[in-house]
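Dropping the structure here:
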């Protein structure tokens, strides 16, 4: 046994410090956006306590034996599916979606746990020696593993979390080395579905594109035909899925397709968010001095719209600082993915990276008006105990894998 | 093998995606915060859209004949916005608004946890002279303004303070529980119907979208008010109360402590619920003057206490009806069973009767209110059986009337006495229970409900004060109430009701309230009061053959029930029955709604 290795050999300080800085910036933003409200004044204290608990969980997971990850993959997945079913029955409805389970004074979102469980199980499946992604059957099994939680989450309905899962599935399949044809098969129904939301012409163009791709790969006629049928079906089924969404989410998608449709309803938040960030300027208006924030022009700013607080009060400097911290985090995690001891661990790291990245992409994208308003928190920064806890746990897994990779060399 | 990326390429593509997204976001932020900063800043500081809440008009109260009992009247509210306000103005404003010195600084301190941009109400219902002064000195009064708000008005001479109740400014504790709807300074029902029906009465808030600058000063309306959401008026409640009868009860009780409750036996609709002394609701429609509050709190008769539903006294002889029902239903006596009264009853000591009645049956015992008959009866019934019958008639529990201020009273059982006196509790305690004295307490509402159940042969509905509501098209919608059935034979009721009929129309204890053309059936009672003069009680229903109204009257500290309570019941019964007797056509129009709703109730 070697004992005298450097701290950085076992522990990636860069990742840990980046995440910690994000939490601290988040605490400032939470304080600023809630100090003037009646009911949310305690959020700063609560987030501080959550951070303490999360740090404990982080170091606990960091210290666990790495082989546990593979052992828990199947039971964790089964449990998470059960919890997703349970929440549909006894879940508490918050903000239109039935997504919370309350246990005593403590409540959590099964979807958060399902993210981790799905990453573990899908990575486990993909890293088996007999799994072959040139075989369409294996692709469909992988999709089934990933789509089951998505289907349950869409019933809640929670659009934001579904996006995260889609990101995770795509990232894992891609990292495993899916062929370009396989990728086309996986991606095309989604593209067709989104296109059909915009109208029949877009739908037709997308189907045409699929036909061109099928010709290009020159697969046999039955396979090509069934893939085409799947695509057309997904275009028609999108209406059904659209109807599952809660009215406020439907309105948000409409608003995104036509931003001026409803400037005071769902468009209102998007406009006010942009005004908040844009008016921050280079240096920002200063801590506690953002009038958009302090006058509560944007609802629930301490959660999904927290980036507006940073943009308004800390300006371009502050926003860029946050984005750079995320960039460091992402690049560093991606680098670790190549060092992992085996393919399973490498896939787990990529899955976690996908979770962080999709949250980052959607959350900041909606704050700056590039993406539609979809309720999804900014990792480490947004207020929310269970979100912070799961993110720190995911970070703990990454550093755990890092530690194990160093120990064996 | 299909075309695919090498592991190295895959990593490069991931790098590419991450860097591309980050670059796009940084570019977009650069564009927003640096290139377009001036535009956004201008928007933020000059032209922000803010939704201003519009409080909805509160629903009003009508009586059962659609006579307006509680309405809304406009009044001026002076407000202070802490962010703009200069505290050196405190003295001046307190003087003009006639507020106690220190009121404003106290108010600012109490609301310090809320946003300083939310205006606080310094005074509701200000005099016009104060408003004129504010208007004149506007420039020198930063952060002070006034708005017109609605407050409660009581157009009718019906007081009804305990029934209607009042609203108060929401407390921080309530605000935490009700955060979705209320804002600091909003009114919320505090007692009575105003509390119970808060959700129906409050309506839905509306929103005006206005353009405000960074200091939250109004610049103009957003899109000329095109997007404003109008507030929705609350539901107008139609009470089961009868304004005229309620007023009579209040006038009759004036100057005394007591209560009157009248119920329509077939429906459980409470037509009168009066408690005396009253208090003036007009004093509660805005900030209540401290002097008035102090006066209410120091009054030994406690005017804010709802005697009709909360004062529990022994039922006295009115309870004999229940003993008779229990004995007949259990079969321990028959209508022809006679017991002997020699003027007193010995059980450890001598218990007196108010006469020597000789041999009498149960009907005669009710008519004469013979104590000795019922002293003997209680031992035949047994304590726990008595308790079970009492419970079926609504004693010893909350009836569930639609105001929260209700007491359960007390009906003892053997477990209760074992707890107090031990296993071998003296059976002599039972003797006085037979005539409704001792450790037994009932409320006037329970007595009225009990009388209504007897009148309607054991079937009625949970007593209630609200029949339903009128929607915006003045269409009536009824509320549904639970049915009650005590499950006792008709023959038992026939016997007891005959006894009650003779109390008024035979040689009974209340013959002085007899009316020639209206057959009243009743029972007097006197509740022993260890602290002073006895309380007078009377329960009655009429007409005997087809009961339309059941009444219970309590008058505290006056003596015999027959003398004091019975005439009040007579007056109410006479007014009600006579009103519906002669000129039927006149009331057909008014009662149309009532009939429809009655039909619905019977249907289920």
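Chains as they are written, first to last, in this note's numbering: chain A, 1151 to 1559; chain B, 2 to 605. All residues carry an ideal CB built from backbone N, CA and C; glycine is no exception. Just so it is clear, the structure is predicted and the values come from calculations on it, not from any experiment.
{"Query": "Contact with chain B by residue 1324 of chain A, beta-carbon distance below 8 Å", "Result": "yes"}
{"Query": "Own chain residues within Cβ distance below 8 Å of residue 454 of chain B, not counting five before or after", "Result": "266, 394, 395, 460, 461, 485, 487"}
{"Query": "For residue 577 of chain B, the three-state DSSP class (helix, strand or coil)", "Result": "helix"}
{"Query": "Reduced DSSP category for residue 257 of chain B - H, G, I as helix; E, B as strand; rest coil", "Result": "coil"}
{"Query": "Contiguous beta strand (DSSP E) assignments of at least 3 residues, all confined to the segment 454–478 of chain B", "Result": "460–462, 467–471"}
{"Query": "7 Å Cβ shell around residue 1198 of chain A - same chain, five flanking residues per side excluded", "Result": "1177"}
{"Query": "Beta carbon proximity, residue 37 of chain B to chain A, threshold 8 Å", "Result": "yes"}
{"Query": "Residue 1463 of chain A vs residue 1428 of chain A beta-carbon contact at 8 Å", "Result": "no"}
{"Query": "Contact list for the segment 1500–1519 of chain A against chain B, Cβ threshold 9 Å", "Result": "1500, 1503, 1507, 1510, 1511, 1514, 1515, 1518, 1519"}
{"Query": "Complete alpha helix (DSSP H) runs within the segment 1417–1464 of chain A (minimum length 4 residues, chain order)", "Result": "1441–1444"}
{"Query": "Residue(s) in a DSSP beta bridge with residue 550 of chain B", "Result": "B/543"}
{"Query": "Under 8 Å by beta carbon: chain B residues contacting residue 1424 of chain A", "Result": "33, 41"}
{"Query": "C-beta atoms of residue 629 of chain B and residue 247 of chain B nearer than 8 Å", "Result": "Because chain B is modelled from 2 through 605, residue 629 of chain B falls outside the range shown and cannot be assessed."}
{"Query": "Of the listed residues A/1338, A/1477, A/1339, nearest to residue 27 of chain B (C-alpha basis)", "Result": "A/1477"}
{"Query": "Short CB-CB distance (under 8 Å) between residue 1442 of chain A and chain B", "Result": "yes"}
{"Query": "Cβ neighbour criterion (16 or more within 10 Å) applied to residue 1534 of chain A", "Result": "buried"}
{"Query": "Classification of residue 351 of chain B by the beta-carbon crowding that lies within 10 angstroms, buried from 16 upward", "Result": "exposed"}
{"Query": "The segment 468–477 of chain B / the segment 574–584 of chain B touching (three or more Cβ pairs under 8 Å)", "Result": "no"}
{"Query": "Cutoff 8 Å; reference residue 515 of chain B; Cβ partners in own chain excluding five residues on either side", "Result": "505, 506, 521"}
{"Query": "Listed by chain order, chain A residues near residue 481 of chain B by CB distance under 8 Å", "Result": "None at all; the shortest Cβ gap to chain A is about 27 Å."}
{"Query": "Closest Cα partner of residue 1622 of chain A within the set A/1554, A/1556, A/1543", "Result": "Limits of chain A in this structure are 1151 at one end and 1559 at the other, which puts residue 1622 of chain A out of reach."}
{"Query": "CA-to-CA distance, residue 185 of chain B to residue 106 of chain B, given in whole angstroms", "Result": "17 Å"}
{"Query": "C-beta neighbour in chain B for residue 1305 of chain A, strict 8 Å", "Result": "no"}
{"Query": "Interface residues of the segment 94–112 of chain B facing chain A [CB-CB below 7 Å]", "Result": "none"}
{"Query": "Continuous alpha helix (DSSP H) stretch holding residue 402 of chain B: start and end", "Result": "Careful: residue 402 of chain B lies outside any alpha helix (DSSP H) and carries neither H nor E."}
{"Query": "Residue 82 of chain B to residue 1440 of chain A span [Cα, whole Å]", "Result": "19 Å"}
{"Query": "Residues of the segment 15–27 of chain B whose Cβ lies closer than 7 Å to any Cβ of chain A, in chain order", "Result": "15, 16, 19, 22, 23, 26, 27"}
{"Query": "Buried or exposed (CB count within 10 angstroms, at least 16 for buried), residue 253 of chain B", "Result": "buried"}
{"Query": "Cα-Cα separation between residue 117 of chain B and residue 553 of chain B, rounded to whole angstroms", "Result": "53 Å"}
{"Query": "Whole-angstrom C-beta distance between residue 78 of chain B and residue 122 of chain B, which should lie under 8 Å", "Result": "5 Å"}
{"Query": "Nearest-angstrom Cα separation, counted from residue 175 of chain B out to residue 283 of chain B", "Result": "24 Å"}
{"Query": "Min CB distance residue 30 of chain B to chain A below 8 Å", "Result": "yes"}
{"Query": "Residue 371 of chain B, DSSP secondary structure in three states", "Result": "coil"}
{"Query": "Given residue 568 of chain B as reference, the closest of B/433, B/525, B/544 once Cα atoms are compared", "Result": "B/525"}
{"Query": "Inter-residue spacing [alpha-carbon to alpha-carbon] between residue 1538 of chain A and residue 1222 of chain A", "Result": "22 Å"}
{"Query": "Below-8 Å beta-carbon distance, residue 12 of chain B vs any chain A residue", "Result": "yes"}
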